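Undergrad: Just remember that the numbering used here sits 5 ahead of the position in the sequence shown, which is counted from 1.
Glycine is no exception: its CB is placed at the ideal position from the N, C-alpha and C atoms.
A quick note: this is a predicted structure, and the numbers were derived from the prediction, not measured.
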Amino acid sequence: MGRKKPPKRIVLTGVSRGLGLAMTESFISRGHTVYGCARSGDVVDRLRRRHASPHNFEVVDVSRSDMVRWWANCVLHDGGGPDLLINNAALINRGAPLWEVPEEEFSRLIDVNVKGTANVLRCFLPAMIERQRGVIVNFSSSWGRSTAPDVAPYCTTKWAIEGLTRALADELPRGMAAIPLNPGLINTEMLKSCFGKGAACYPDADDWAGRAVPMLLALGPEDNGQPLAVRG
């Protein structure tokens, strides 16, 4: 029999609902340690009560570089760079033609979806690069590789994530990987905001996590720069 692989230290943003919450529960059920963040204090409190140390959950708005820096310092002090870093936190605009999307709403999507991802990378990557190992997964979307009406701001941010991640992959040392991942269509609040009742035709977040989490855990240096998708 082969040796059992050691548990991974996983940093995950956007753990309060949807895919982030489902991934959190699935990673922990498989014996891995999760360091998660979200903007919702209520959900973070519930996660803390449900999952004690070594897991840790903090209230962080990823668009705030000062909050991300504080969070990263706490995580890194607790054991160094993560084995798997997942940028999942994201917002979607209310469905409308581009010219009807308020400036503030457009800016908020850029701040969270793009700048938030960059903030997390800026604060965690140096420790990972020092070890010359670790996998970074930045969540993209089918709308990061295609387009649709009424979600132009969201498409903008996810196309940016594709480019950012693939450029990052060219910069990483051998032994690491950066991967833009299209999670697919999942019945979450975000999808309901676009598809309405039609979102119910797709798998829920827990079913999705049952397929996605093993895939995420299996990613390695050979996947660096590859735009991947969760199938099924």
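Taking only runs of the alpha helix (DSSP H) that begin and end inside the region 74 to 114, which ones reach a length of at least 4 residues, in chain order?
TA: Complete alpha helix (DSSP H) runs here, min 4: 108 to 114.
Undergrad: For residue 60 versus residue 33, is the C-beta distance shorter than 8 Å?
TA: The residue you call residue 60 lines up with position 55 of the sequence shown. The residue you call residue 33 lines up with position 28 of the sequence shown. Against a cut-off of 8 Å, the Cβ pair of residue 33 and residue 60 comes out as a contact.
Undergrad: Are there three or more Cβ pairs, one per stretch, closer than 8 Å when the region 76 to 89 is compared with the region 105 to 121?
TA: The answer is no - the region 105 to 121 does not touch the region 76 to 89, with fewer than three Cβ pairs under 8 Å.
Undergrad: Residue 93 to residue 11, Cα distance in whole Å?
TA: Translated into positions along the sequence shown, residue 93 becomes position 88. Translated into positions along the sequence shown, residue 11 becomes position 6. C-alpha separation (whole angstroms): 24 Å.
Undergrad: Here's a check: name, in chain order, each residue in its chain whose Cβ is nearer than 8 Å to the Cβ of residue 119, leaving out the five neighbours to either side.
TA: As a first step, residue 119 is located in the sequence shown; it is residue number 114 there, counting from the start. Result list for residue 119: 162, 165, 166 and 169, in chain order.
Undergrad: Comparing alpha-carbon positions, which option in 186, 58 and 158 lies nearest residue 171?
TA: For the purposes of this step, residue 171 is taken as the residue at position 166 of the sequence shown. If we check each option's Cα against that of residue 171, 186 comes out closest.
Undergrad: Out of 28, 43 and 134, which one is the CA nearest neighbour of residue 37?
TA: Indexing the sequence shown from 1 puts residue 37 at position 32. Checking every option, the nearest Cα to that of residue 37 belongs to 28.
Undergrad: Could you please give the first and the last residue of the uninterrupted alpha helix (DSSP H) stretch that includes residue 219?
TA: Along the sequence shown, read from residue 1 onward, the residue named residue 219 stands at position 214. Residues 210 to 223.
Undergrad: Going by the DSSP bridge assignment, what does residue 182 pair with across the sheet?
TA: Residue numbering aside, residue 182 sits at position 177 when the sequence shown is read from its first letter. 140.
Undergrad: Please report the residue range of the beta strand (DSSP E) in which residue 26 lies.
TA: Locating residue 26 in the sequence shown gives position 21, counting from the first residue. No beta strand (DSSP E) contains residue 26, which is instead part of the alpha helix (DSSP H) from 23 to 34.
Undergrad: Determine the extent of the alpha helix (DSSP H) in which residue 153 is found, giving its start and end residues.
TA: Translated into positions along the sequence shown, residue 153 becomes position 148. Taken as a continuous stretch (DSSP letters only), residue 153 belongs to no alpha helix (DSSP H), as it is neither H nor E.
Undergrad: Pull up the DSSP beta-bridge partners for residue 41, would you.
TA: For this step, residue 41 is matched to residue 36 along the sequence shown. Answer is 17 and 62, bridged to residue 41.
Undergrad: When the Cα atoms are used, what is the spatial distance from residue 147 to residue 153?
TA: Taking the sequence shown and counting its residues from 1, the one referred to as residue 147 is at position 142. Taking the sequence shown and counting its residues from 1, the one referred to as residue 153 is at position 148. One C-alpha to the other measures close to 10 Å.
Undergrad: Please name the residue in 190, 129, 20 and 68 whose C-alpha comes closest to that of residue 115.
TA: Here the question's residue 115 lines up with position 110 in the sequence shown. That would be 68, whose Cα lies nearest to the Cα of residue 115.
Undergrad: Sorted by chain position, which residues of the same chain lie with C-beta nearer than 7 Å to residue 121's C-beta, five sequence neighbours on each side aside?
TA: Counted from its first residue, the sequence shown places residue 121 at position 116. So the list reads 67, 68 and 94, once near-sequence residues are dropped.
Undergrad: Going by DSSP, which residues form a beta bridge with residue 187?
TA: Walking along the sequence shown from the start, residue 187 turns up at place 182. In the DSSP output, where bridge partners are listed per residue, residue 187 has 234.
Undergrad: Pop quiz: residue 24 and residue 41 are said to be a contact at Cβ under 8 Å. What is the actual Cβ separation, rounded to whole angstroms?
TA: Along the sequence shown, read from residue 1 onward, the residue named residue 24 stands at position 19. Along the sequence shown, read from residue 1 onward, the residue named residue 41 stands at position 36. The pair is not a contact, with the Cβ atoms about 12 Å apart (cut-off 8 Å).
Undergrad: Tell me which residues share the same chain as residue 141 and place their Cβ nearer than 6 Å to its Cβ, disregarding the 5 neighbours each side in the sequence.
TA: Walking along the sequence shown from the start, residue 141 turns up at place 136. Hits under 6 Å: 90 and 183.
Undergrad: Quick one: what does DSSP say residue 67 is sitting in, helix, strand or coil?
TA: As a first step, residue 67 is located in the sequence shown; it is residue number 62 there, counting from the start. It is coil, neither helix nor strand.
Undergrad: What does the alpha-carbon distance come out to for the pair residue 145 and residue 9?
TA: Sequence index remark: in the sequence shown, residue 145 carries index 140 (1-based). Sequence index remark: in the sequence shown, residue 9 carries index 4 (1-based). The straight-line gap from Cα to Cα measures roughly 31 Å.
Undergrad: For residue 100 and residue 151, what's the separation of their Cα atoms in angstroms?
TA: On the sequence shown, position 95 is the one that residue 100 refers to. On the sequence shown, position 146 is the one that residue 151 refers to. Whole-angstrom Cα-Cα distance: 16 Å.
Undergrad: Using the Cβ count rule (16 or more neighbours within 10 Å means buried), how would you classify residue 46?
TA: Here residue 46 is taken as the residue at index 41 of the sequence shown, counted from 1. Exposed.
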